[in-house]
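Below is one structure, written out as structure tokens; the observations come after it.
Numbering (the working numbering), first residue to last: 606 to 834.
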């Protein structure tokens, strides 16, 4: 797609697909590369940036086809939603100095994946819940930088993550059979986790006056040290 037609959208596609019946019935395929070609792959990508906002969405579709056994591996839709870093507490009209909470910045990244591998003749008979492998992940990084005693910068960071699945496996030990038993249940399940860190840094300036042997062109040399913890 020409970027001038829609500067907020990009689209690309590479398609190479044929049904297994077409390859078997086409006599010409026995005399060209299509018969010996074992795998055909197709990819479609689209990205849209919402005008005047920090939001964008990308979607990808991937299809891999093995012609010898008519196996399809489909990954669709794969969605990615992102919001670039913003300061949600920053005042539109600042009066006085910057408040501490105005330095807090956050961004967002969301991903959804859905995939299935099956024979071509039963592909559309598969269950969306039991056969398709799907999941969603949300990630919200939060950062800020504050000044401590005017000379030290303190930067706390935290990343909040949420993973969503439509199935889970419960494993338990069967004492009578003396073996592990796995039971798959279907529903809507969440897993939360977070990562936190904090860093300190400052700048130390030093000046050195060169010796006279270097002449008068160099009056002073400044060096900067940035220790980080």
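A virtual CB, placed ideally from N, CA and C, is assigned to each residue, including glycine.
Cβ shell of residue 665 (< 6 Å), same chain only, five flanking positions each side left out: 650 and 683
Of the residues 814, 823, 809 and 824, the one placed nearest residue 831, counting alpha carbons only: 809
Whether residue 678 touches residue 722 by CB criterion (7 Å): yes
Beta strand (DSSP E) runs contained entirely in the stretch 764-803, provided each spans 3 or more residues: none
Cβ neighbour criterion (16 or more within 10 Å) applied to residue 789: exposed
Nearest residue (CA-CA) to residue 716, options 730, 742 and 697: 742
Proximity of residue 762 and residue 712 at Cβ, strictly below 7 Å: It is not a contact, given that the beta carbons lie outside the stated cut-off.
Residue closest to residue 652, alpha-carbon to alpha-carbon, out of 643, 658, 662 and 690: Closest option to residue 652, Cα to Cα, is 662.
Proximal residues to residue 769 (C-beta, below 6 Å), its chain only, five neighbours per side dropped: 741 and 795
Helix, strand or coil at residue 640 [DSSP, three-state]: Interpretation of residue 640 is limited by its pLDDT of 49, a score under 50 that renders its predicted location unreliable; the figure taken from the coordinates is listed afterwards. Helix, per DSSP.
When 786, 755 and 800 are compared against residue 767, the one with the closest alpha-carbon: 800
Close-in-space but distant-in-sequence residues of the same chain around residue 728 (CB under 6 Å, 5 per side omitted): 677
DSSP beta-bridge partners of residue 806: 758 and 833
As assigned by DSSP and simplified to three states, the class of residue 747: Reduced to three states, the DSSP call for residue 747 is strand.
Delimiting residues of the beta strand (DSSP E) encompassing residue 682: 676-691
Sequence-distant residues of its chain with Cβ nearer than 7 Å to residue 815 (five each side left out): Closer than 7 Å at Cβ, skipping near neighbours: 823 and 826.
Euclidean distance between Cα positions of residue 725 and residue 791: Rounded to whole angstroms, residue 725 to residue 791 spans 25 Å at the Cα level.
Anticipated Cβ contact below 8 Å, residue 764 with residue 744, distance rounded: 6 Å
Whole-Å CB distance - residue 710 paired with residue 691, under 8 Å assumed: Right, their Cβ atoms sit about 7 Å apart.
Assigned exposure category for residue 670 - 16 Cβ within 10 Å defines buried: buried
The ligand ADP heavy atom lying under 6 Å from the CB of residue 744: Looking for the ligand ADP in the displayed structure turns up nothing, as the structure carries no ligands at all.
7 Å Cβ cutoff met for residue 834 and residue 757: No, they are not a contact pair.
Rounded Cβ spacing between residue 739 and residue 771 (contact assumed at less than 8 Å): Confirmed, about 6 Å.
N- and C-terminal bounds of the beta strand (DSSP E) containing residue 667: 660-671
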